[in-house]
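Everything in the sequence shown is counted per this note's numbering, starting at 5 for the first residue and increasing by one.
Below is one structure, written out as structure tokens; the observations come after it.
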Amino acid sequence: MAFLLEIKNEYLSFFTPAGEVKAVNDVSLTLNDGEVLGIVGESGSGKSVTAYSVIGLVQSPGRIIGGSVSFEGREIHELPEKDMRKLRGNEISMIFQDPMTSLNPVYTIGNQIREVILLHTNKSKIEADARAVELLREVGINEPQKRMKQYPHELSGGMRQRVMIAIALACEPKLLIADEPTTALDVTIQAQILELMSVLQKKHGMSIIIITHDLGVVASMCERIAVMYAGQVIEYGTAREIFYEPMHEYTKGLLTSIPRLNEKEHKRLIPIPGVPVDMLNIPAGCPFAARCDNCMGICLREPPPVIGNDEGHYASCWLANKRVQYEEKDVWSVVRNYS
5 MAFLLEIKNE
15 YLSFFTPAGE
25 VKAVNDVSLT
35 LNDGEVLGIV
45 GESGSGKSVT
55 AYSVIGLVQS
65 PGRIIGGSVS
75 FEGREIHELP
85 EKDMRKLRGN
95 EISMIFQDPM
105 TSLNPVYTIG
115 NQIREVILLH
125 TNKSKIEADA
135 RAVELLREVG
145 INEPQKRMKQ
155 YPHELSGGMR
165 QRVMIAIALA
175 CEPKLLIADE
185 PTTALDVTIQ
195 AQILELMSVL
205 QKKHGMSIII
215 ITHDLGVVAS
225 MCERIAVMYA
235 GQVIEYGTAR
245 EIFYEPMHEY
255 TKGLLTSIPR
265 LNEKEHKRLI
275 PIPGVPVDML
285 NIPAGCPFAA
295 RCDNCMGICL
305 REPPPVIGND
315 EGHYASCWLA
325 NKRVQYEEKD
335 VWSVVRNYS
């Protein structure tokens, strides 16, 4: 089966004076035409860097040291920069984090949308302006002709995010990558932006990758979800499998930290204890072991295998192996003695 996007065993590191930071460590993902994939994880888990590698925006001292990233069968990292520029914007677009700072404050909204259209198409300036107005109207911005002449600081956060979406959609890409699309927005505006993206995805039939630290954001939009931790995909499955049949302890921790409206009694949220792993010194065993309440001795000694089912739901966790659970008797006390 041919995938729109296929990442195979990707390794990406940042070579700093302090040492090698293994930001992406053996990541494999696939994306079909018209599919919505969520990549979830806390800050520093490698989700944004994985997305940047897809569009060739990883800057020095970072570089890919292994694996492959292919789009429609083309190996992205083997493309000349000229071809990469054509791919970026035309076929793959990205909504960057924080609309408050992503737009250029010294250019008008119309100027910034027009620039993208003129760069990637053969339209004239008049045609580009007409297309820009059409895009602003499509993303739900009122009085688009008036907004074309305004600067980013004159718009609210939600409107700026809609402008970012309009810019990303300017050339009708096949793949849209949304990196924390609801950052710095209040809950009501978050819901509106997610609903807008869902409507546009169905209208244009494009594929979307949503990157977020909040499982609640991807609950209703994504068909499949990849949970990342310490530069690795530690669990992967359909949205239903991730929410109702989680296999990894980190995924379970993320779910218990989400407030639930259907609870009959008020319950305290349970945060995940500890701090993220030091990416300069990734432990020999499971990277989540020191924060896991059900950690076993083998979790500290050996990296967990990938265990899954025939439907494609898998996790890298020793606890998913029932035989190992039975044989291992030394649980959380081992972690305390170890630390």
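Where a beta carbon is used, it is the ideal one built from N, C-alpha and C, also for glycine.
DSSP places Gly301 in the helix class (H, G or I) of the three-state scheme. By the C-beta density criterion, Tyr233 is buried, having at least 16 other C-beta atoms within 10 angstroms. In the structure shown, the three-state DSSP call for Thr112 is coil.
Distance from the CA atom of Ile193 to the CA atom of Glu184, rounded to whole angstroms, is 14 Å. Of the candidates Ala132, Gly162, Glu131 and Met210, Gly162 places its Cα closest to the Cα of Asn146. Sorting Cys321, Gly301, Ile286 and His317 by C-alpha distance to the C-alpha of Pro309 places Cys321 at the top.
Residue burial annotation: Pro277 is exposed, with fewer than 16 other C-beta atoms found within 10 angstroms of its C-beta. Leu41 carries a strand assignment under DSSP once its states are collapsed to helix, strand and coil.
In this chain, the alpha helix (DSSP H) harbouring Val167 covers Gly161 to Ala172.
Between Val44 and Val28, the CB-CB gap reaches or exceeds 8 Å. Within 10 angstroms of the beta-carbon of Gly114 lie 16 or more other beta-carbons, which makes it buried. In this chain, the beta strand (DSSP E) harbouring Glu14 covers Leu9 to Thr20. The alpha carbon of Cys303 has as its nearest neighbour, out of Ile197, Glu253 and Ile99, the alpha carbon of Glu253. Closest in C-alpha terms to Met152, from the list Ser97, Glu119, Gln205 and Ser128, comes Glu119. Counting the other Cβ atoms within 10 Å of the Cβ of Tyr56 gives 16 or more, which makes it buried. Where Arg135 is concerned, the enclosing alpha helix (DSSP H) starts and stops at Lys129 to Glu142. When secondary structure is reduced to three states using DSSP, Asp102 falls in the coil class, being assigned neither helix nor strand. Comparing alpha-carbon positions, the option among Ile130, Tyr318 and Pro156 lying closest to Gln236 turns out to be Tyr318.
According to DSSP, Asn29 shares a beta bridge with Tyr15.
Here Thr187 has Gln101 and Asp102 as same chain residues with Cβ atoms under 6 Å from its own Cβ, once five neighbours each way along the sequence are excluded. Rounded to the nearest angstrom, the gap between the Cα atoms of Arg244 and Cys226 is 10 Å. If you draw a straight line from the Cα of Glu95 to the Cα of Leu140, it comes to about 20 Å.
Residue ranges of uninterrupted beta strand (DSSP E) with 3 or more members, entirely inside the segment 217-303 and ordered along the chain, are 228-233 and 236-242.
Annotation for Lys26: Ser17, Gly235, Met283 and Ile286 place their beta carbon closer than 7 Å to its own, counting only its chain and skipping 5 residues before and after. Ile59 and Phe247 have their C-alpha atoms spaced approximately 30 Å apart.
Under DSSP, Ser320 shares a beta bridge with Val310.
Separation of the CB atoms of Pro275 and Gly48 is rounded to 17 Å, and the pair is thereby denied contact status at 8 Å. Looking at the backbone, the Cα of Gln196 and that of Pro109 are separated by about 24 Å.
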